[in-house]
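Novice: Here you go, one structure.
See the structure below:
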């Protein structure tokens with residue numbers, strides 16, 4: 038339901054639909070509902086320490102794996118899809134660390150900035166005549182200023198930049214991980230670095246530099262019917278971590294040292310990841326880093342295709358064997374041969390001699406009398 042490792046391959050492929058539907062699926066329904074369901078049954082999971090560890094590590098693996106894949110994607114919607122996978126991994130991580138309030142808080146803030154990012158991507162795609170390759174964009178901050186500003190707000194919330202909403206919710210999860218499971222905290226911090234890297238990479242390639250295609254050069258700002266919701270969501274993404282929102286979710290105590298140390302580390306990861314992305318991708322016209330295993334998404338699609346084909350072939354062979362030897366040979370041919378054999382045996386006593394029939398009849402009567410008298 039929540040597209041967690043290793044059952045995550047369907048979510049990026051679901052990006053083929055309309056962008057507003059993608060925004061709804063990723064922000065408030067479908068994958069988010071899986072996290073909500075786990076929170077509702079958390080009392081069952083928390084009865085087993087092993088179950089908590091399994092949930093936490095599945096979320097952690099999903100978070101870092103999706104972030105790594107996102108660093109090599111060129112489709113704007115697929116980058117956002119893998120960012121959703123990564124953020125859902127953070128939520129699962131929180132559930133596995135028995136911190137349901139942090140999971141729900143991040144689910145809540147994520148709904149704001151992920152809907153904003155998808156609708157912003159939709160604005161870009163529509164104005165570029167449905168072009169989704171980020172390397173065919175560039176310089177759109179001058180062409181689509183409102184879309185750029187609102188998209189940047191969503192991006193800053195996604196990477197956890199203070200004071201945007203993602204900073205409060207994601208750092209709450211990292212703080213819990215720091216207190217309860219150090220290895221998970223380290224992987225979560227590395228994922229924060231990767232998140233900053235691929236999100237700033239997306240911003241730099243799409244909105245800065247020179248335009249790289251004719252549709253980008255001829256693009257213009259979206260109409261108010263599209264930019265209006267972006268502005269509303271940008272306000273919510275910016276303020277979603279303050280006041281009422283935080284008080285209704287964050288009820289767990291955090292040590293003062295942790296409350297300072299963890300955000301400081303997360304901010305350092307953000308700065309390093311963002312700076313590295315700017316240094317590598319500024320004024321680039323093509324991908325300077327080619328990591329084939331990440332570009333092919335750890336070959337999960339190929340593995341599943343091979344596995345499904347192999348499984349189908351195995352079942353086909355088993356079915357063919359069963360049909361040929363059990364149904365045709367044993368059942369159909371066997372029954373006909375059995376009937377023929379019984380007929381052949383009966384034919385042996387059909388000699389056509391009346392005296393032989395009388396003898397056999399008498400022999401049968403004697404046998405019946407013997408069993409009736411001497412065996413009773």
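Numbering (this note's numbering), first residue to last: 38 to 413.
We treat Cβ as the ideally placed atom computed from N, Cα and C, and that holds for glycine.
(1) So the alpha helix (DSSP H) residue 225 belongs to, where does it begin and stop?
(2) Would you tell me roughly how many angstroms separate the C-alpha atoms of residue 353 and residue 366, rounded to the nearest one?
(3) Terminal residues of the continuous alpha helix (DSSP H) containing residue 99?
(4) Whose C-beta lies closer than 7 Å to the C-beta of residue 49 among residues of the same chain, with five residues either side of it excluded?
(5) Using only the alpha-carbon positions, how far apart do residue 67 and residue 373 sit?
(6) Among 279, 208, 263 and 229, which one has its Cα closest to the Cα of residue 139?
(7) By the 10 Å Cβ neighbour count, where 16 or more other Cβ atoms means buried, how is residue 127 classified, buried or exposed?
(8) If you reduce the DSSP assignment to three classes, tell me which class residue 170 lands in.
(9) When you compare each of 86, 100, 137 and 102 to residue 74 by their alpha carbons, which one comes out closest?
(10) In its own chain, which residues sit with a C-beta less than 7 Å from the C-beta of residue 241, not counting the 5 before and 5 after it?
(11) Count the other CB atoms, across all protein chains shown, that sit within 10 Å of the CB of residue 300; report buried if there are 16 or more and exposed otherwise.
(12) Let me know the secondary structure DSSP gives residue 112 once reduced to three states.
(13) Distance, Cα to Cα, residue 144 vs residue 201?
(14) For residue 266, does the three-state DSSP call read helix, strand or coil?
(15) Roughly how many angstroms separate the alpha carbons of residue 196 and residue 258, rounded to a whole number?
(16) What is the C-beta distance between residue 192 and residue 224, in whole angstroms, given that I count them as a contact (C-beta under 8 Å)?
(17) Tell me the DSSP secondary structure of residue 137 in three-state form.
(18) Keeping to the same chain, check which residues put their C-beta closer than 8 Å to that of residue 178; ignore five residues upstream and five downstream.
(19) Using a threshold of 8 Å, state whether the C-beta atoms of residue 172 and residue 249 are closer than that.
(20) Are the CB atoms of residue 181 and residue 256 within a distance shorter than 8 Å?
Specialist: For this structure:
(1) By 1-based counting over the chain shown, the position of residue 225 is 188. Run containing residue 225: 219-244, per the alpha helix (DSSP H) assignment.
(2) Residue numbering aside, residue 353 sits at position 316 when the chain shown is read from its first letter. Residue numbering aside, residue 366 sits at position 329 when the chain shown is read from its first letter. Their Cα atoms are separated by approximately 18 Å.
(3) As a first step, residue 99 must be located in the chain shown, where it is residue number 62. Segment 86-107, the alpha helix (DSSP H) holding residue 99.
(4) Residue mapping note: residue 49 aligns to position 12 of the chain shown, counting from 1. 115, 118 and 119.
(5) The sequence position of residue 67 within the chain shown is 30, counting from 1. The sequence position of residue 373 within the chain shown is 336, counting from 1. The straight-line gap from Cα to Cα measures roughly 56 Å.
(6) The count along the chain shown starts at 1 and reaches residue 139 at position 102. The residue with the shortest Cα to Cα distance from residue 139 is 208.
(7) Taking the chain shown and counting its residues from 1, one reaches residue 127 at position 90. With 16 or more Cβ atoms within 10 Å of its Cβ, residue 127 is classed as buried.
(8) By 1-based counting over the chain shown, the position of residue 170 is 133. In the structure shown, residue 170 sits in a strand (DSSP, three-state: E or B).
(9) Here residue 74 corresponds to residue number 37 of the chain shown, with the count starting at 1. Of the candidates 86, 100, 137 and 102, the one whose C-alpha sits nearest the C-alpha of residue 74 is 137.
(10) For this step, residue 241 is matched to residue 204 along the chain shown. Within the same chain, residue 241 has close Cβ partners 314, 315, 318 and 319.
(11) Within the chain shown, the letter at position 263 stands for residue 300. Buried: at least 16 other Cβ atoms inside 10 Å.
(12) The count along the chain shown starts at 1 and reaches residue 112 at position 75. It is a strand residue.
(13) As a working mapping, residue 144 is identified with position 107 in the chain shown. As a working mapping, residue 201 is identified with position 164 in the chain shown. The straight-line gap from Cα to Cα measures roughly 15 Å.
(14) Position 229 of the chain shown holds residue 266. Three-state result, residue 266: helix.
(15) Looking up residue 196 in the chain shown gives position 159. Looking up residue 258 in the chain shown gives position 221. One C-alpha to the other measures close to 25 Å.
(16) By one-based count along the chain shown, residue 192 stands at place 155. By one-based count along the chain shown, residue 224 stands at place 187. Actually they are not in contact, since the Cβ atoms of residue 192 and residue 224 sit about 22 Å apart, beyond 8 Å.
(17) Along the chain shown, read from residue 1 onward, the residue named residue 137 stands at position 100. Here residue 137 sits in helix by DSSP.
(18) The residue you call residue 178 lines up with position 141 of the chain shown. Closer than 8 Å at Cβ, skipping near neighbours: 185, 244 and 245.
(19) Your numbering for residue 172 matches position 135 in the chain shown. Your numbering for residue 249 matches position 212 in the chain shown. Yes.
(20) Here residue 256 is taken as the residue at index 219 of the chain shown, counted from 1. Here residue 181 is taken as the residue at index 144 of the chain shown, counted from 1. Closer than 8 Å, so yes.
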